[in-house]
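Counting in the working numbering, the final residue of the first sequence is number 446, and the numbers go up one at a time with none missing.
The block underneath contains the structure these notes are about, expressed in structure tokens.
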Amino acid sequence: MKNNPTNPAVRVRIAPSPTGNLHIGTARTALFNYLFAQKNGGAFIVRIEDTDKERSTLEYEKNILDGMKQLGMEYDEFYRQSERTSLYKTYLLKMIEDGFAYESQEEAREEGQRASVIRFKNPNTKITFTDMIRGDISFDTTDLSDFVIAKSLEEPLYHLAVVVDDHEMNISHVIRGEDHISNTPRQILIQRAIGAIQPLYAHIPLILSKERKKLSKRDGATSIDQYVGLGYTKEAIINFLAFLGWHPEDDQEVFTLDELIQAFDISRIQKGGAIFDIEKLGWFNKEHIKKLSDEEFTRIVNEYSKLEIENPLILTLIRERITIYSDITEVTKHTGEFGYLIYPTIDLETPSKAIWKDSTREQTIEYVSHVISALKHLEDSDFKAQNLKEALWDYATEKGRGAVLWPVRYLLSGLDRSPDPFVSMEILGKDKSLVRLEDGISKI
RNA sequence: GGCCCCAUCGUCUAACGGUUAGGACAUCGCCUUUUCAAGGCGGUAAUCGGAGUUCGAUUCUCCGUGGGGUCACCA
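Structure representation (structure tokens):
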């Protein structure tokens with residue numbers, strides 16, 4: 003009861019079937035329901051649709067519930083359809099008694115099929131309902147024939163269970179995927195048969211693969227835990243999912259969950275399907291990593307790197323260089339015993355050219371020697387990037403910034419891809435910087 | 001195939017009859033401490049087609065085309 007709903011007129015639900023891990027699409031549907039409930043002070047209900055005993059498992063249910071919790075969506079009420087069979091039976095009996103349904107004897111066409119099932123007596127009528135996102139949608143239910151609503155009195159099927167539960171739970175708005183549009187007329191038919199009030203419908207667009215098809219397992223990572231495992235933050239996942247088919251009034255893109263609740267407006271949900279773009283997810287992730295507190299980011303870096311990095315300068319370098327947490331391992335590969343980059347033994351066979359660049363060996367030695375003597379004049383306490391820059395800038399400008407700073411950077415880090423030399427020197431400190439430069443110059 | 005839904009840059013989208021069609025991601029170029037990253041500046045890039053309605057259509061209507069969803073004793 004974390005959300006403390008105050009508006010009994012708004013009750014929404016997410017109704018996942020535990021036949022797989024928490025899917026991206028399910029998470030997004032849950033998010034829109036959650037945002038709608040929160041925005042309107044309504045209740046957010048989780049209902050596990052596990053009427054299919056063969057395919058439903060507790061493991062999947064746990065994955066779904068854990069995933070939602072992980073993303074920060076707290077629910078107000080929880081139900082499991084497998085625990086409500088007697089309720090469905092009551093409705094089934096009543097429907098049969100009232101002539102809205104009947105037991106049908108038929109041949110089992112497939113393995114495991116029943117000889118007797120319960121079918122809905124289709125009144126063959128035209129149905130129109132108003133979708134909050136798409137407007138009026140009409141169907142002729144004649145096409146549906148007498149569809150099966152239960153295998154037996156104890157084994158209800160999807161359509162029956164959904165309608166009975168939405169009714170019993172006083173669901174006010176059914177916000178679900180577009181793939182349910184064609185299920186709606188069947189469900190409205192059952193609602194009329196049991197005298198249920200018709201909820202308001204909002205069918206949200208699907209999340210599509212690059213091939214513009216409904217996202218499926220074949221399209222790579224489709225479950226939330228996979229993205230969490232790769233090191234995407236919950237904030238980024240939420241933010242990204244919200245923007246797949248929804249957009250606020252202004253141009254703000256980076257949102258926290260609370261900000262999303264404030265800005266959410268169901269009428270601004272898109273009609274067309276949206277392609278899942280991992281690049282944009284990455285961008286959202288970077289943005290949310292930028293917002294992390296230093297304490298939190300430090301904790302995460304050390305958890306992933308298995309190191310104990312505390313130097314804020316190094317942490318900043320890492321923060322600017324990663325897209326997802328699993329990048330931390332790669333970025334901190336050279337971070338170690340010196341508290342910064344490990345100083346590799348420079349290979350004399352190949353690196354010289356890399357160090358000299360456009361200068362000659364003699365010039366490079368001259369430049370680095372000058373830098374060394376300049377550094378020796380500085381006190382330990384003056385070894386700050388800003389001071390170092392001031393001390394060397396004019397000289398570097400005179401001789402050529404690249405010609406001077408490139409070998410310095412290379413010798414300090416031992417890497418051709420490295421942070422700017424002044425920051426490197428500050429991180430290393432005076433002693434280590436000099437050791438590396440002097441050691442390096444002897445090998446040029 | 002029947003039924004249903006949808007249609008603005010490569011992608012996510014803004015516009016609710018009048019805009020040089022805006023923003024973001026990606027991409028390209030320049031700058032920034034000649035690298036990587038971050039940052040700054042700038043560029044390329046879209047209204048599916050055809051009829052209407054209207055003084056005026058991205059926007060409203062119809063047709064076409066294209067894409068998608070759905071047609072279980074799954075959900």
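For every residue, glycine included, the Cβ atom is placed at its ideal position computed from N, Cα and C.
The beta carbons of Thr186 and Tyr160 sit no closer together than 8 angstroms.
With fewer than 16 neighbouring CB atoms inside 10 Å of its own CB, Phe80 falls in the exposed class.
Membership of Leu243 in the alpha helix (DSSP H) is indicated by the continuous run 236 to 244. Taking C-beta separations shorter than 6 angstroms and ignoring five residues to either side along the sequence, the partners of Lys128 in its chain run Asp142, following chain order.
Counting along the chain, the unbroken beta strand (DSSP E) around Arg121 starts and ends at 118 to 122. Taken through DSSP and simplified to helix, strand or coil, Gly275 comes out as coil.
Of the other Cβ atoms in all chains shown, fewer than 16 fall within 10 Å of the Cβ of Gln107; this residue is therefore exposed. In this chain, Val12 is not harboured by any beta strand (DSSP E), its DSSP state being neither H nor E. Its chain contains Lys432 as the residues whose beta carbon lies nearer than 6 angstroms to that of Asp382, once the 5 sequence neighbours on both sides are disregarded; these appear in chain order. If you look at Phe286, you'll find it in the alpha helix (DSSP H) that goes 280 to 293. Judged by DSSP secondary structure, His161 falls within the alpha helix (DSSP H) whose first and last residues are 160 to 170.
Annotation for Lys91: Leu155, Glu156 place their beta carbon closer than 7 angstroms to its own, counting only its chain and skipping 5 residues before and after. For Tyr77, the number of other beta carbons within 10 angstroms of its own is at least 16, and it is reported as buried.
Of the other Cβ atoms in all chains shown, 16 or more fall within 10 Å of the Cβ of Ala163; this residue is therefore buried. Within a 10 Å sphere around the beta-carbon of Ser269 sit fewer than 16 other beta-carbons, which makes this residue exposed.
With contacts defined by Cβ atoms closer than 8 angstroms, His205 and Asp133 form a contacting pair. Nearest to Met70 by alpha-carbon distance, out of Glu99, Phe34, Gly43, Ala198, is Phe34. The Cβ atoms of Pro201 and Ala276 lie no closer than 8 angstroms to each other. Nearest C-alpha to Asp168 among Ser435, Arg15, Leu407: Arg15. In the structure shown, Asp138 adopts extended strand secondary structure according to DSSP, grouped into three states. With contact defined as three or more Cβ pairs closer than 8 angstroms, the segment 40 to 47 and the segment 4 to 12 are in contact. If you keep only unbroken beta strand (DSSP E) runs of at least 3 residues inside the segment 375 to 401, you get nothing at all.
In summary, Glu63 is buried, with 16 or more beta-carbon neighbours lying within 10 Å of its beta-carbon over all protein chains present. Collapsing the DSSP output to three states places Thr144 in a helix. Gln107 has Ser118 as its beta-bridge partners, per DSSP. Taking each of Asp296, Arg121, Gly284, Ala195 in turn and checking the Cα distance to Ala238, the smallest one comes out for Gly284.
The DSSP assignment places complete beta strand (DSSP E) segments of no fewer than 3 residues inside the segment 28 to 107 at 45 to 50, 79 to 82, 103 to 107, in order along the chain. Annotation: the continuous beta strand (DSSP E) that includes Tyr203 extends over 202 to 206. Boundaries for Phe149: no beta strand (DSSP E) harbours it, and the DSSP string shows neither H nor E there. Contact check for Thr21 and Asp54: beta-carbon distance about 7 angstroms, within the 8 angstroms limit, so the pair qualifies. Here the alpha carbons of Tyr306 and Leu317 stand approximately 13 angstroms from one another. Between the alpha carbons of Ser415 and Phe299 lies a gap of roughly 24 angstroms. Just so you know, the alpha carbons of Arg188 and Ala198 end up roughly 13 angstroms apart.
With 16 or more other CB atoms across the displayed protein chains lying within 10 angstroms of its CB, Ser58 is buried. Fewer than three Cβ pairs drawn from the segment 207 to 227 and the segment 286 to 302 lie within less than 8 angstroms of each other, which leaves the two stretches out of contact. In the structure shown, the three-state DSSP call for Val256 is coil.
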